[in-house]
Amino acid sequence: MAGKAKLWRDRVILVAVVWAIWALITTFVVQPFRIPSASMENTLQIGDRILVNKITPRFGEVKRGDVVVFKDPGDWTQPVPSGNAVFGAIRKVAEVTHLSASGSHLVKRVVGVGGDKVSCEGLGNKLKVNGVEVDEPYLKSGVQPCAEKFSITVPDNKVWVMGDNRSDSADSRFHDDGTGKLGSVPLSDITGKGLAVVWPIGNVSGGHNAEEAFAKVPAAK
C-alpha cells in the first residue's frame, strides 16, 4: 500500500511540475492562440493554431511587417456595423482567442510604427509608408492593398496594424478617427510576435513576418 501511495504521490508531483513549467513558458516565452477568422488569409487560416513569441515585446523591437497578437484595445471584437459607409465590405472583426485564457486578442500585421506616416490613395493604389510605396507579397490574392483613401501619422509607442485579407479585416483603418490616434495599437497591448503555425499538420509553417517588404521605407522624420 505504501508503494502505491508513493507512486500516486510521485505522479501528482510530476503533473504539478509539468503544469508549472507550462505556465511559466506561456507566461514569459511562448503562448498558443487559435485563429477563428479570415482577416489574415492566406497567411493564417481559420482554425490555425499559432505560437507567439512573448519575449520580443518585452526585450526586442516590434518592426514593420511583423505579425503580432495583441489585446483588444477597446471594442475591436464587437460586430462591425453593417451600415458603415467606408467599410461596408468588412463582414466581421478579425480576432484571435487564447486557447486557455479569457478575454479577447487579435492578430494583424504591423505596417507602421511610431512616427510613421501611413497613407493610401484608395482602390488601385499601393500602401505608402513615409512616402514610399510598399510591395506587399503577403496580401491575399486578388485583394486590394486598400479600398479607401486615408493618411495618418502613427503616435509614438504605438503601431498601425492591418490584416493581410484587407477586404475582410476590421483593423486600424476601421477604428480610427482620421488622425491615427484611435486606430493605432499601444505597444503595451502587444502580447507577442507570431512564430509559426503548429496545427493543423497540413498548415505547419513559419516565417510569416515580412520585415523585408519595408526595407526601402525610411525612418520617420
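Residues 1 to 221 in UniProt numbering are what the sequence shown lists, from first letter to last. Note that the Cβ used here is the ideal one computed from N, Cα and C, for glycine as well.
Cutting at 6 Å between CB atoms, please list the residues of its own chain near threonine 43, excluding the five before and the five after it. As a first step, residue 43 is located in the sequence shown; it is residue number 43 there, counting from the start. Within the same chain, threonine 43 has close Cβ partners Tyr138, Asp164, His208.
Start and end residues, beta strand (DSSP E) containing phenylalanine 33: As a working note, residue 33 is residue 33 in the sequence shown. Residues 30-34.
Using the Cα positions of alanine 213 and tryptophan 8, report the straight-line distance between them to the nearest angstrom. Reading the sequence shown from its first residue, position 213 is the one you call residue 213. Reading the sequence shown from its first residue, position 8 is the one you call residue 8. Taking the straight line joining both Cα atoms gives about 55 Å.
Using the Cα positions of glutamate 41 and valine 134, report the straight-line distance between them to the nearest angstrom. As a position in the sequence shown, residue 41 is number 41, starting the count at 1. As a position in the sequence shown, residue 134 is number 134, starting the count at 1. Straight-line Cα distance between these residues: approximately 19 Å.
Could you tell me if serine 169 is buried or exposed, where buried requires 16 or more neighbouring beta carbons within 10 angstroms of its beta carbon? For the purposes of this step, residue 169 is taken as residue 169 along the sequence shown, with counting starting at 1. With 16 or more other Cβ atoms within 10 Å, it is buried.
Taking Cβ to Cβ, would you say leucine 187 is nearer than 9 Å to valine 143? Position 187 of the sequence shown, counted from the start, is the residue given in the question as residue 187. Position 143 of the sequence shown, counted from the start, is the residue given in the question as residue 143. Contact: no.
Excluding the 5 residues flanking alanine 219 on each side, which residues of the same chain have their C-beta closer than 7 Å to its C-beta? Sequence index remark: in the sequence shown, residue 219 carries index 219 (1-based). The answer is none, since no qualifying residue turns up.
Determine the burial state of glutamate 211: buried for a count of at least 16 other Cβ atoms within 10 Å of its Cβ, exposed for fewer. Indexing the sequence shown from 1 puts residue 211 at position 211. Classification for glutamate 211: exposed.
Which residue from Asn157, Lys181, Val197, Lys128 puts its Cα closest to that of valine 67? Stepping through the sequence shown from its first residue, residue 67 is reached at position 67. When only C-alpha atoms are compared, the closest one is Val197.
Could you give the residue range of the alpha helix (DSSP H) that holds phenylalanine 214? Here residue 214 corresponds to residue number 214 of the sequence shown, with the count starting at 1. Per DSSP, phenylalanine 214 belongs to no alpha helix (DSSP H) and is neither H nor E.
CA-to-CA distance, arginine 49 to proline 36, given in whole angstroms: Stepping through the sequence shown from its first residue, residue 36 is reached at position 36. Stepping through the sequence shown from its first residue, residue 49 is reached at position 49. Spanning the two alpha carbons is a distance of roughly 9 Å.
Ordered along the chain, which non-local residues of its own chain (more than five positions away) have a Cβ less than 6 Å from that of glycine 115? Residue 115 sits at position 115 when you count from the first residue of the sequence shown. Result list for glycine 115: Ala220, in chain order.
Output needed for glycine 206: all residues of its chain with C-beta closer than 6 Å, excluding positions within five of it in sequence on either side, in chain order. Here residue 206 is taken as the residue at index 206 of the sequence shown, counted from 1. Same-chain partners within the cutoff: Ala196.
For the alpha helix (DSSP H) that contains serine 172, what are its first and last residues? By one-based count along the sequence shown, residue 172 stands at place 172. Start and end: 172-175.
Compare the beta carbon distance of serine 172 and lysine 126 with 9 Å and say whether it is the shorter of the two. As a working note, residue 172 is residue 172 in the sequence shown. As a working note, residue 126 is residue 126 in the sequence shown. Taking 9 Å as the Cβ cut-off, serine 172 and lysine 126 do not qualify as a contacting pair.
Contacts around glutamate 121, its chain only, beta-carbon distance under 7 Å, and the 5 residues preceding and following it disregarded: Numbered from its first residue, the sequence shown carries residue 121 at position 121. Within the same chain, glutamate 121 has close Cβ partners Lys149.
Using only alpha-carbon positions, find the residue among Ser104, Gly65, Ile55 that is nearest to aspartate 75. To locate residue 75, count along the sequence shown from 1; it is residue 75. Comparing Cα positions, the closest option is Ser104.
Beta-ladder partner(s) of methionine 162, from DSSP: Against the sequence shown, residue 162 aligns to sequence position 162. Looking at the DSSP assignment, methionine 162 forms a beta bridge with Arg109.
Can you determine whether any heavy atom of the ligand MG sits closer than 8 Å to the C-beta of isoleucine 50, and answer yes or no? In the structure on display, the ligand MG does not appear, and there are no ligands present to speak of.
Please go through the same chain and pick out, in chain order, the residues whose beta-carbon is closer than 7 Å to the beta-carbon of aspartate 156, but skip the five residues on each side of it. Translated into the one-based positions of the sequence shown, residue 156 becomes position 156. Taken in chain order, the residues that qualify are Gly114, Gly115.
Do you know offhand how far valine 161's Cα is from tryptophan 199's? On the sequence shown, residue 161 is found 161 positions in, with the first residue counted as 1. On the sequence shown, residue 199 is found 199 positions in, with the first residue counted as 1. One C-alpha to the other measures close to 24 Å.
Endpoints, beta strand (DSSP E) assigned at leucine 51: To locate residue 51, count along the sequence shown from 1; it is residue 51. Leucine 51 -> beta strand (DSSP E) spans 49-53.
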